[in-house]
Structures are given as C-alpha cells and as structure tokens.
Amino acid sequence: MAEGIALEIDRLEAEVEGQQILRGLTLRIGPGEVHALMGPNGSGKSTLANTLAGHPRYSVTGGDVRLGGKSVLEMSADERARAGLFLAFQYPTEVPGVTVANFIHSALKARGRELPFVQFRKKLLEKIALLEWDEGVARRYVNEGFSGGERKRNEILQMAMLEPNIAILDETDSGLDVDSIKIVSNGVNSLRGPGLGVLVITHYERILRYIQPDFVHVMVSGRIVRSGGRELVDRIERDGYDWVREAVAAAPGGGQ
Amino acid sequence: MVSTTAELESYIARLDEPDWLLTSRRTAAAVEATLDAPHWDRTDASRLEPAGFALGGGGTVDVRLPEAARAQGVSAAGLAELSRLDPGRVERHLGRLVPAGAGRHEARNLAAHHGCLIHVPAGVVVAEPVEVVYRLEGGQFHPRTVVVLERGAEVTVLQRCAGGPDADAPPALVTAVVEAELGDGAHLRFIELQQWGEGAAVYATRQAMLGRDAHVQWLLGEIGGGTVRSSTTSVLEGAGSEALALLAFFAGGRQHLDLAATLRHHGPHTNGLLLAKGVLAGTARAVYRGTSDIRRGAKGSDSQQKENTLHLGHGVRSDVIPALYIDENDLQAGHAATTGKLDPEQLFYMQSRGLPVREAERLIVHGFFAPLLERVPLEAVRQELAALVDAKIDRGI
Numbered sequence: 001m002a003e004g005i006a007l008e009i010d011r012l013e014a015e016v017e018g019q020q021i022l023r024g025l026t027l028r029i030g031p032g033e034v035h036a037l038m039g040p041n042g043s044g045k046s047t048l049a050n051t052l053a054g055h056p057r058y059s060v061t062g063g064d065v066r067l068g069g070k071s072v073l074e075m076s077a078d079e080r081a082r083a084g085l086f087l088a089f090q091y092p093t094e095v096p097g098v099t100v101a102n103f104i105h106s107a108l109k110a111r112g113r114e115l116p117f118v119q120f121r122k123k124l125l126e127k128i129a130l131l132e133w134d135e136g137v138a139r140r141y142v143n144e145g146f147s148g149g150e151r152k153r154n155e156i157l158q159m160a161m162l163e164p165n166i167a168i169l170d171e172t173d174s175g176l177d178v179d180s181i182k183i184v185s186n187g188v189n190s191l192r193g194p195g196l197g198v199l200v201i202t203h204y205e206r207i208l209r210y211i212q213p214d215f216v217h218v219m220v221s222g223r224i225v226r227s228g229g230r231e232l233v234d235r236i237e238r239d240g241y242d243w244v245r246e247a248v249a250a251a252p253g254g255g256q
Numbered sequence: 001m002v003s004t005t006a007e008l009e010s011y012i013a014r015l016d017e018p019d020w021l022l023t024s025r026r027t028a029a030a031v032e033a034t035l036d037a038p039h040w041d042r043t044d045a046s047r048l049e050p051a052g053f054a055l056g057g058g059g060t061v062d063v064r065l066p067e068a069a070r071a072q073g074v075s076a077a078g079l080a081e082l083s084r085l086d087p088g089r090v091e092r093h094l095g096r097l098v099p100a101g102a103g104r105h106e107a108r109n110l111a112a113h114h115g116c117l118i119h120v121p122a123g124v125v126v127a128e129p130v131e132v133v134y135r136l137e138g139g140q141f142h143p144r145t146v147v148v149l150e151r152g153a154e155v156t157v158l159q160r161c162a163g164g165p166d167a168d169a170p171p172a173l174v175t176a177v178v179e180a181e182l183g184d185g186a187h188l189r190f191i192e193l194q195q196w197g198e199g200a201a202v203y204a205t206r207q208a209m210l211g212r213d214a215h216v217q218w219l220l221g222e223i224g225g226g227t228v229r230s231s232t233t234s235v236l237e238g239a240g241s242e243a244l245a246l247l248a249f250f251a252g253g254r255q256h257l258d259l260a261a262t263l264r265h266h267g268p269h270t271n272g273l274l275l276a277k278g279v280l281a282g283t284a285r286a287v288y289r290g291t292s293d294i295r296r297g298a299k300g301s302d303s304q305q306k307e308n309t310l311h312l313g314h315g316v317r318s319d320v321i322p323a324l325y326i327d328e329n330d331l332q333a334g335h336a337a338t339t340g341k342l343d344p345e346q347l348f349y350m351q352s353r354g355l356p357v358r359e360a361e362r363l364i365v366h367g368f369f370a371p372l373l374e375r376v377p378l379e380a381v382r383q384e385l386a387a388l389v390d391a392k393i394d395r396g397i
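Chains E and X supply the protein sequences, listed in that same order.
Residue numbering for the first sequence follows the working numbering, starting at 1 and increasing by one per position.
Residue numbering for the second sequence follows the working numbering, starting at 1 and increasing by one per position.
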C-alpha cells in the first residue's frame, strides 16, 4: 500500500440485538498512526471492532464511519475489506479443508492483487518466518487444531499478506503468554509505516509494552472518555479502570 | 406398458448385431415386461419411467485405451464392436452381475444398451487410467460398462458422464449400469464424474464382485442430473477383500438425488468403508442410503459408514438412512452422520478478508470435499472434480 488513508469514526452509535452499545464514539486514525483503545470489559470495544468490520449482527443507529473520506456504512463486510480495512479477530473461526496458503491466495485474488505462484510462495514464507513460525503452517487448514496463540499469529500473517490501510486488532493479546505477545507484536511493528494505520483494542496494558502507540484512548460505556499518550497506559497499569469510571460518573452528563 | 415394450422390440429389430446379442436383448425386453414398475419412498419413480422418451440415438460412447495398456494385452472397446471381435467374452460377462431380473431399469438397460467392456489380463498392472466417456444427446440413453479384472490385475477406470438437456429443456432418461468383476487379488479404482444435464432423469446401478483379497475403490462425483436414483454395491465375496466407496455429491436448483451405497460382506475378514460428503443449495433434496449387509460367515469383518451433509441454504432438505443388517457375531460395524449449516460467523470471517459471499461459499464447498478427495491419489481427477464444482457454482447454485 503506497498511500495511507484515514479511518474516521464520527459520533458512532450502534446496537446489537436491540441493545445500544456504542453511544456516540468519535475517533480519527490517520495514515501511519497507531492508536490504542483500552477499556474495561463491557465497555463496547469488541462491538466497535465488529461494527467497523460490518458484522451483520451489529446495526448502526447513528453517526458515520469513513474510510479515505468515503462512508462504509452501506458496504458489506467484504467490500469494506477490499476498501482497505482489516480486522484481526479476537476469536478467529475455523475454515475446514481450506489451507492457510489457499485462503490467503483467494483473498488476494478477490482484492484483484493475485500474485504469481512463485512470488506468492516466497512472500508467504517470508511472513511466516517473520512470525517465527514453521512453514508447514501454509498447508494446514485455517485455524483447525490451532492453539490460541497460533490463531492470533495467523491473523497477523493474513494482515501481513493482505497489506490493509487500516488494521483493527481486537484483543489480539488476550489469552496469550508473553512470548506469543512478543512474536505477534514484532509482526505488527514490522508492518508499521506511513501506509498503515492501526487500532489496538485491548483490556490489558501488556501488549502496549511491545507495540508503542502514538495515541491512547480509554473507552467506557460506548464512548471515548479520555485520550492522551503513554501516561494513560501507565495510569491504568497502576490503578486499573475504576478511576476513569468514577471521573466519568462525576462529570456533568457523564456515566450514562 | 405394451407400447414401450413394442417400441423396444422394434428398436432391437433395427440393430445390425450378431443373433446371440439380439436374443439377449429380446430376452431382457421380455423380462422388463414381466416386472412391475418400481415404487420408492422419498423419490417419485414415475419420473424415471421410459414411456414418453424417444428410443434410439440417445447418446455416444467413447472409450480411450492408453497405447501402453493395449501393448500389455488390455482390451477396451464398445460392446457392439467387441460382440464381433470377441463374442465369447461379451457373452460371458454382459449382464452377469446386473442381470435383467435385477429390476425394470436394469432390464431396459440390458435390452437397449450402448456400452463398453474393459478386460485386464491376469497380473497386468495398468499405469494410466482407461477412460470412458458417455455423452447424452436426448431421449433415452442406456450406457453399460463391463469391467473384468483377472487375478492380480490392476487398473483405474475414469468414466465421464456428460451432456443432455438443461433443467428447462425437454427431459431425457438415462439408465447407467456398471458391472465390475474382480478376480483374486485384483485392484480396481473406478471413478465416475456424473455431470448429466439437470434435465436428465437418471437411474444408475453399479455393482462390483470381489474375489479373495481383491480391492475396489469407488470415487463417485454426483453433480448432474435432475432426478437421480443411484445405487453402488460392493459384494465382498472373497476372503480378505476390501471396498472403499467415496461419494461426493453437490446438488442445487431443483435437483433431487437419491443415492445408495451398499457393502455386502460374504467372505471372512472383509473390510468396507463408505464415506459420503454432500453439499446442498437452492431447493435441492438429497436422500442418502448407506447399508452394511453382513452375511453369516463374514467373520472378523469390518463395515464402517460416515456421512456429512452441508446445507448452504434454508430451502434444502436431506435424509440420511443408514442400515445395518447383521447375520454374524464376530464383526465390527459403525455409522456416523452429521448435517451442518453454513456458519454465519465463518462467512463473516471470510468476508472480512475481502471474499464476496459466493467466493467464500466456493472455498467452503471445496474445503468440505477436501478430506474425501485427499484419499484419491490422482491430482488430475481431483482438479477435474474441483472444476466441475466451480462450474456449478459459476452457473449459480
């Protein structure tokens, strides 16, 4: 991806099964920027990830999401992906009988970026090596029999091959040991550059020791309530989330 | 049914063939006239009645015998040609495993057959597949493939069944018979890629008879046909004989597939495995009947069945009817079946990589068949079957 594009989330409201989860969330991820979005359980982090990616179970009830200036709300999930958006799933599903190599190859083809076999294979093996993985994984069926760590590595492998403009990592660190977090983070860091904007969604500060964010946001009850830098991560590491909840509840019109 | 019998007799009278063959045809026609029309549960047998389908010129037979196999003494030719060249062999084997008395359609097929006979002499191992192509044109078509493997012979037969009307064109009728005799220690791999037009009503009977330590492997790709009634039976006669039946079916639109696979164990220490995988889309309907029939004396035998169906839409229906008939104590037998729906989370996952729904479904269907096809060591056949699946998806399922 030569040119980066921005993801603009503008006063987004969304619900799932009739329950409102996102309540006017605004966030802009510019080209090349890495943003961390932190928040306690139930704050709406995964809803945001799924809503952005176009999961049919989540419906937008207000606001807008723009990718490169164009609204994506009328686009299907696959159209959004082809427009440059990538979601690394918290719980990636299995695709029985489809090898990792074939899956990625088919996805590139759908994006009109099919590579000649030799070139594809070379690049795939490079990215597998980058993730400190055995090249045999290319022939394994997608996520079938994968450990939790392998599934997350597979997400980053796909991200590395598909070269999106905007990547959303939905709790990629959850359930991983420190070694796996390091491997996955190194993979993400190697992809950083002016063409890629990243949103790292996480409950824990651990992954942010390895992926250094340019901006940090804290989400509570479907909105961003604090934005800043590294110091927010340190505060959450020290004090947890209670202080944010209390500050929001004390603010006029907050805590809804 | 006087009218169809009269039509059949006048068809036979027009053939220029040796007297013994004409007599065999007339005998089969007479047997047909004595049999009642079949009646099946779940499948409307009237759709497969010959009345109303023109007889004569229904299709073509093309047999391709590799040059190396010919040099090894293998013969493969159309029945009409072989009836002159080697009448004794045709007379010995034609209708031996699937005689007229087997049923109305089998009788009609024997009376009006086009077909071929493949003979592999004892101990001859054929490297390249022998190919048979049946092409349906219209009306009635009655192909019959007779395969004879002498002791220790090995061959792969690749049979392609294609052509015929689309779903909206005037319909055609096919009865297709396969008779395979395997001598002691013989190995047969029989592959059929069935892609008749969806305007064809199809009745198929395949039967293999196995000698001691003989092996048969069926790979059946049932893709085409409008109404299909298909039955494949492995008779494990000889001790230590083994059958593997791999059945891949894929139905869409208004297709109705009624597929049966049977393992009949007679000999001791015989092994059988039926693996069926089917995908249904549109308003397709499938009936799958897997049967293990273990006769007294089949001591130490093992008969297993596994069946998986994947539903791509809500308008489809499938019935799985497993049966175990056991007349022996010392044996192992088992059955497992699953039916799955397209998982919306899986679809979303694939879409989120940029795959449109149709391409995601394409991968899911190929992936579903993959574990079955991995058992077929012929890359070209796997690719051909994959191409048939792709073509069907491209037409819209």
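For each residue, glycine too, the CB sits at the ideal point set by N, CA and C.
query	result
Buried versus exposed, by CB contacts within 10 Å (16 or more), H217(E)	buried
DSSP state of K123(E) mapped onto helix, strand, coil	helix
CB contact flag (F103(E), A167(E), <8 Å)	no
Beta-carbon proximity of H335(X) to G290(X), cut-off 8 Å	yes
Spatial distance of G340(X) from G278(X) (CA atoms)	10 Å
Cutoff 6 Å; reference T156(X); Cβ partners in own chain excluding five residues on either side	P129 and R189
Neighbouring residues, chain X, relative to G89(E) (Cβ below 7 Å)	The sequence as given places Phe at residue 89(E); Gly does not occur at that position. Result: Y349.
Coarse secondary structure for M1(X), derived from DSSP in three states	With a pLDDT of only 41 at M1(X), under 50, the local geometry of the prediction cannot be trusted, and the value read off the model is given with reservation. Three-state result, M1(X): coil.
Other residues of its chain near E237(X): CB distance less than 8 Å, five sequence neighbours each side excluded	M209, L210, G211, H266 and G267
Selected residue, minimal CA-CA separation from G78(X), among G88(X), P66(X), D62(X) and E67(X)	D62(X)
Beta-carbon gap between A333(X) and E307(X) smaller than 8 Å	no
CB contact flag (V126(X), A69(X), <8 Å)	yes
Distance CB(D177(E))-CB(Q90(E)) smaller than 8 Å	no
Three-state secondary structure assigned by DSSP to N143(E)	coil
Simplified DSSP state of G149(E), which is helix, strand or coil	helix
Any C-beta of chain X under 8 Å from that of G105(E)	One detail in the question is off: residue 105(E) reads as His in this sequence, not Gly. Chain X, which has no Cβ nearer than 8 Å to the Cβ of H105(E), makes this no.
Beta-ladder partner(s) of T26(E), from DSSP	Answer is none; T26(E) lacks a bridge partner.
CB contact below 8 Å: D394(X) versus chain E	no
Residue from T4(X), A51(X), T145(X) and E17(X) whose Cα sits closest to the Cα of A29(X)	T4(X)
Contact list for A77(E) against chain X, beta-carbon separation under 8 Å	F348, Q351 and S352
Beta-carbon contacts of H405(X) that lie in its chain and below 8 Å, excluding the five residues immediately before and after	Nothing can be reported for residue 405(X), as the shown portion of chain X is limited to 1 through 397.
Assigned secondary structure, G18(E) (DSSP; H/G/I helix, E/B strand, else coil)	coil
Cutoff 8 Å: A387(X) Cβ touching any chain E Cβ	no
CA-to-CA distance, G396(X) to E74(E), given in whole angstroms	25 Å
Cα-Cα separation, S301(X) to G183(X)	20 Å
Distance between P31(E) and I236(E) (C-alpha atoms, nearest Å)	27 Å
Chain-ordered chain E contacts of E359(X) [CB-CB under 7 Å]	S106 and A110
Contact set between L355(X) and chain E, taken where Cβ atoms lie within less than 7 Å	D78, S106, A107 and A110
Span of the alpha helix (DSSP H), counted from its first residue to its last, around W243(E)	D242 to A250
Cβ-Cβ separation, T227(X) to H269(X) (assumed contact under 8 Å), whole Å	The Cβ separation is near 39 Å, so there is no contact.
Contact list for L124(E) against chain X, beta-carbon separation under 7 Å	Ordered by position in chain X, no residue passes the 7 Å Cβ test against L124(E), which lies about 15 Å from the chain.
C-beta atoms of D22(E) and G222(E) nearer than 8 Å	At residue 22(E) the sequence reads Leu, which differs from the Asp that was named. The answer is yes: Cβ separation under 8 Å.
Burial state of H113(X) (16 or more Cβ within 10 Å)	buried
8 Å Cβ cutoff, R82(E) in contact with chain X	yes
Residue range of the alpha helix (DSSP H) that includes Y349(X)	P344 to Q351
Sequence ranges, alpha helix (DSSP H) only - wholly within the region 176 to 232 of chain E, length at least 4	178 to 191
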